[in-house]
Amino acid sequence: MRENKNSFQKFKVFDNDPMNKLCDQVISLVEELTNETPAVCGSVAKVFGEQLQEDYTPKDVDFVVSRWAFRQLLWKIPTEITGVKMIEQNPNRIILFTDYRYCIEIWVHNAISEKRELKKYQNEILYTDYGKEN
Numbered sequence: 005m006r007e008n009k010n011s012f013q014k015f016k017v018f019d020n021d022p023m024n025k026l027c028d029q030v031i032s033l034v035e036e037l038t039n040e041t042p043a044v045c046g047s048v049a050k051v052f053g054e055q056l057q058e059d060y061t062p063k064d065v066d067f068v069v070s071r072w073a074f075r076q077l078l079w080k081i082p083t084e085i086t087g088v089k090m091i092e093q094n095p096n097r098i099i100l101f102t103d104y105r106y107c108i109e110i111w112v113h114n115a116i117s118e119k120r121e122l123k124k125y126q127n128e129i130l131y132t133d134y135g136k137e138n
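Numbering (our numbering), first residue to last: 5 to 138.
Have a look at this one:
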């Protein structure tokens, strides 16, 4: 389990406080349902890893979990989450359409084709490091 349950709020990842709170809640929910901490991936992870500029404005936040955790989420995720107006489930991702102009996507990690190194942003938020060449 993570030491700080409010890391998105603490670091103001989004310029929208309710969205930061929702991201923290989603991380806690995934941990509770699967006993796995989701890792941030995509553009927000690239900001954390300094592959994109810090002033980059993301349109969504992507998380990645293991195949096992993803299968657990497919049947355990609640149908109603405060701040989420719709949940869409696909074979490789779950999309949470939020009330805050952003989406939260939870992706299944494909261990066969996707190598990944995980790091912690500010020693608190788990994220996928894409290296300097991406």
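No residue lacks a Cβ here, since even glycine has one placed at the ideal position from N, Cα and C.
Should residue i be labelled buried (16 or more other beta-carbon atoms within 10 Å of its own) or exposed?
i: N79; result: The displayed chain sequence assigns Trp, not Asn, to residue 79. Label assigned to W79: exposed.
i: W72; result: exposed
i: G135; result: exposed
i: D66; result: buried
i: T38; result: buried
i: T61; result: exposed
i: T83; result: exposed
i: N24; result: buried
Sorted by chain position, which residues of the same chain lie with C-beta nearer than 8 Å to residue i's C-beta, five sequence neighbours on each side aside?
i: F101; result: V88, K89, M90, I91, E92, C107
i: R97; result: E109, I110, W111, V112
Does residue i come out as helix, strand or coil in the three-state DSSP assignment?
i: E121; result: strand
i: V17; result: coil
i: D133; result: strand
i: E109; result: strand
So, at 7 Å on beta carbons, what are the nonlocal neighbours of residue i in its own chain, with the 5 sequence-adjacent residues on each side left out?
i: D103; result: G87, K89
Assuming contact is defined by CB atoms lying nearer than 8 Å, are residue i and residue j in contact in what I supplied?
i: V17; j: V48; result: yes
i: S11; j: E40; result: no
Give the list of continuous alpha helix (DSSP H) stretches no shorter than 4 residues that lie fully inside the stretch 62–104.
71–80
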